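*Asks:*
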Amino acid sequence: MFTIIHQDKHSQARTGLLKSAHGVVKTPAFMPVGTQATVKTLSAQELLDCQIQIVLSNAYHLYLRPGREVIKQAGGLHKFMGWNGPILTDSGGFQVFSLALLRKITEKGVEFQSHIDGSRHFLTPEDIIATQLDLGSDILMPLDECVHYPAQRDYAQESLKLTHLWARRSQEAFGRREQTDDGRLLFGIVQGSTYRDLRQQAAEELVGLNFSGYAVGGISVGEPEGLKFEVLEHSLKFLPQEKPRYTMGIGTPLDILKAVEMGVDMFDCVMPTRHARNGTAFTKSGKLVLRNALYINDYQLIEEDCQCLACRHNYTRAYIRHLVNTDEILGVRLVSLHNVYFYAMLMQKIRAAIQQDRFLELKKEFLEGGLR
RNA sequence: GGGGGUGUGGCGUAGUCCGGUUCAACGCGUCAGAUUGUCGAUCUGAAGAUCGCGGGUUCAAAUCCCGUCGCCCCCG
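Letter 86 of the first sequence, counting from 1, is numbered 1121 in this note's numbering, and no numbers are missing.
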C-alpha cells in the first residue's frame, strides 16, 4: 500500500509510492484543496496539466451541498467532478469547529447548524465514514477536533479523549482494516495541541489502532513558528516509518520543505489557490503580489522557464495584474494554474532530490533563491 | 437676457436651514499588508479635500452676506 522507494541519507526525507484505488501517488505529494468538489477555478483536465496527482475534498461541505445522495447517484465523487485520480476527503471535523454555528459536541457525535442555511444536523463518526465511503473517497479521514492555539491543557486532554474515541469508532466503521477490498484507506489524526506528552500519547494510541497512514493535525493553528515545527517533529517521532505521514493544512513552500525534511509524505493547503484568488503568485524566488502597482508595466511572465499553462502561453504579469484588479475571472484562473503547477513542481523537485540524497542541498538552494 | 438649482479628496455623496469637541465625514476607487484540513470571502492600515474662486461679517465660516466663475434645468 505504501512503499518507501528511497530514504534520504542526510535527513528524514523519503520518497515513496502510495497505492490508492485510483492510482499511485508519488510522495512527497501535495494535494490542492477542492472543498466543493472542485479545486477552485480549475477543471480536472487542468489539474492534470498542472501535474497534480491527488486532490483533497471535504465531506462536511459535500454532505451539506449537494448532499450524499446526489454524489452517490452521480456515481461517486470521481465521476461527479470528472477527476479520475485519487481523492482524499477531509472529514469536516475542521469545518464543524470553524464554520458551523452552534455546535454541540458529545461522545456520540456533533450536533451543529449549517453555516449555509442554519439547518440542524447531527453526525456521528460512523456517519462521517459512511459519507466518505458513499463519496467514493480513496483516503478517508476520521472526525476529529482540531484544537486551536493556545489551548489549556485540560481542554486539550479532554478533546484528545474525544478525538480518540471517535478514531476508534471510525476505524470500527471502516471495518478495522488497513484498507477496504477495493483499496480505500483510512488515516488516523494525531492531535494533542502543543503538549508533548499528549502528542506522544496520541500518536501511540493511534498506531495501536493500525491505520493506513497517519496525519498530524492541529498544526499551524496560530502557534509561533518555532513551536509549530517542534510539535510536528515530536509528533512524527512516534509514527511508524513504513506508513505514510500527512500534515494537514500545511503549508507554505518553506513549511513543506521543513516538514519533508522531518519525514512527511503528504500535504494539503489552500495556499496556492487562495493566494491565487487574492492575486499572489508563487515563484522560486518568492511571492509576487501581482495586485501591486509594481507590475502595472511588467511584461514578463510570472516566472521564466515555467511550463504552467499561464506562462507557457505567455500571459504577462501586467495583463494578469489588470485582470486580477478588475475582478476578471481569467486573472485568478491564470494565477491558480501557475500556483498549483508551482506546488506540483516543488514536490517533483523534492522527490528527485531525495532520490539522489541531495534533499538538503535542494532546500538550501531554494532558501538562497528566496523561496518562502 | 430673465428665473431656479448646484459647486465639499479621483468619482458619488453627508454636513449648510439653527456658524463653534459627531465638521471636515461616509461609500467607491487608489496604494499597501494579512491570509496554512478554502475565501470569487474578510480584515487591517495608508495616501488623498484649507469645502469653486475673491472679498466681507464674526472671537469663530463648508455653513451667514456680497461679488465672481463653472455646470444643470426652465423661460425668452
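Note that CB positions come from ideal geometry on N, CA and C, so glycine has one too. Quantities reported herein were computed from a predicted structural model and do not represent experimental measurements.
Taking the C-alpha atoms as reference points, what is the distance between His-1199 and Asp-1084?
*Replies:* The alpha-carbon separation between His-1199 and Asp-1084 amounts to approximately 39 Å.
*Asks:* Which full runs of the alpha helix (DSSP H) of 4+ residues lie inside the region 1084-1165, going along the chain?
*Replies:* You should have 1094-1099, 1103-1109, 1112-1116 and 1128-1133.
*Asks:* Can you tell me whether Ile-1039 is helix, strand or coil according to DSSP?
*Replies:* strand
*Asks:* By the 10 Å Cβ neighbour count, where 16 or more other Cβ atoms means buried, how is Thr-1361 classified, buried or exposed?
*Replies:* With fewer than 16 other Cβ atoms within 10 Å, it is exposed.
*Asks:* Please state if the CB of Leu-1097 and the CB of Leu-1175 are separated by a distance shorter than 9 Å.
*Replies:* Remark: C-beta atoms of Leu-1175 and Leu-1097 do not approach each other more closely than 9 Å.
*Asks:* Check for me: the beta strand (DSSP E) holding Leu-1052 runs from which residue to which?
*Replies:* 1049-1055
*Asks:* Suppose only complete runs of 3+ residues qualify. What are the beta strand (DSSP E) ranges in the region 1279-1336, listed by chain order?
*Replies:* Qualifying beta strand (DSSP E) stretches, in chain order: 1280-1282, 1301-1304, 1315-1318 and 1321-1324.
*Asks:* Please list the terminal residues of the continuous beta strand (DSSP E) segment that includes Val-1074.
*Replies:* Under the DSSP assignment, Val-1074 falls outside any beta strand (DSSP E); it carries neither an H nor an E label.
*Asks:* Once DSSP output is grouped into helix, strand and coil, what is the label at Gly-1248?
*Replies:* In the displayed model, Gly-1248 falls within a strand according to three-state DSSP.
*Asks:* May I ask you to report which of helix, strand or coil DSSP gives Thr-1198?
*Replies:* helix
*Asks:* Taking the alpha carbon of Gly-1223 as the point to measure from, which residue in Gln-1042, Ser-1149, Ala-1238 and Leu-1099 has its own alpha carbon closest?
*Replies:* Ala-1238
*Asks:* DSSP three-state label for Ile-1254, please.
*Replies:* coil
*Asks:* Which value, in whole angstroms, describes the spacing of the CA atoms of Glu-1265 and Gln-1047?
*Replies:* Within the model, the alpha-carbon separation for Glu-1265 versus Gln-1047 is close to 15 Å.
*Asks:* How about the region 1271-1282 and the region 1248-1257: do they share at least three Cβ pairs that are nearer than 8 Å?
*Replies:* yes
*Asks:* Please say whether Ile-1291 and Ile-1254 have beta carbons closer to each other than 9 Å?
*Replies:* Result no, Cβ atoms of Ile-1254 and Ile-1291 do not sit closer than 9 Å.
*Asks:* Please state whether the Cβ-Cβ distance between Gly-1128 and Pro-1185 is less than 9 Å.
*Replies:* no
*Asks:* When burial is assigned at 16 or more other CB atoms within 10 Å of the CB, is Val-1105 buried or exposed?
*Replies:* exposed
*Asks:* Between which two residues does the beta strand (DSSP E) harbouring Met-1066 extend?
*Replies:* Where Met-1066 is concerned, the enclosing beta strand (DSSP E) starts and stops at 1064-1067.
*Asks:* Applying the 10 Å Cβ sphere with the 16-neighbour rule, what's the burial state of Gln-1226?
*Replies:* buried
*Asks:* Where does Leu-1175 sit, in a helix, a strand or coil, going by DSSP?
*Replies:* strand
*Asks:* On the three-pair Cβ rule with 8 Å, is the region 1310-1317 touching the region 1394-1402?
*Replies:* no
*Asks:* Looking only at its chain, what residues have a beta carbon closer than 7 Å to the beta carbon of Gly-1069, apart from the 5 residues adjacent to it on each side?
*Replies:* Val-1090, Leu-1091 and Ser-1092
*Asks:* Taking the C-alpha atoms as reference points, what is the distance between Thr-1076 and Glu-1339?
*Replies:* 23 Å
*Asks:* What's the C-alpha gap between Ile-1040 and Arg-1188?
*Replies:* 39 Å
*Asks:* As a quick exercise: from Met-1036, Met-1301, Tyr-1330 and Asn-1349, pick the residue whose alpha carbon is nearest that of Gln-1383.
*Replies:* Met-1301
*Asks:* Is the beta carbon of Gln-1335 less than 9 Å from the beta carbon of Arg-1352?
*Replies:* yes
*Asks:* Less than 9 Å between the beta carbons of Gly-1120 and Gln-1088, yes or no?
*Replies:* Cβ atoms of Gly-1120 and Gln-1088: closer than 9 Å.
*Asks:* Can you list, in chain order, the residues of its chain whose CB lies under 6 Å from that of Ser-1194, leaving out five sequence neighbours each side?
*Replies:* Glu-1180 and Val-1182
*Asks:* Return helix, strand or coil for Leu-1221, following the three-state DSSP convention.
*Replies:* strand
*Asks:* Below 9 Å between beta carbons: does that hold for Thr-1308 and Phe-1377?
*Replies:* no
*Asks:* Where does Val-1060 fall in DSSP's three states?
*Replies:* strand
*Asks:* Would you call the CB atoms of Leu-1052 and Lys-1044 closer than 9 Å?
*Replies:* no
*Asks:* Confirm, please, whether the CB-CB distance from Gln-1167 to Thr-1124 is below 9 Å.
*Replies:* yes
*Asks:* Within its chain, find whatever has a CB closer than 8 Å to the CB of Ala-1064; leave out the 5 residues flanking it on each side and keep chain order.
*Replies:* Leu-1053, Gln-1088, Ile-1089, Asp-1300, Met-1301, Phe-1302 and Met-1382
*Asks:* Pull up the distance between the alpha-carbon of Val-1295 and that of Arg-1049, whole angstroms please.
*Replies:* 8 Å
*Asks:* Which residues mark the beginning and the end of the alpha helix (DSSP H) in which Asn-1374 is found?
*Replies:* 1364-1390
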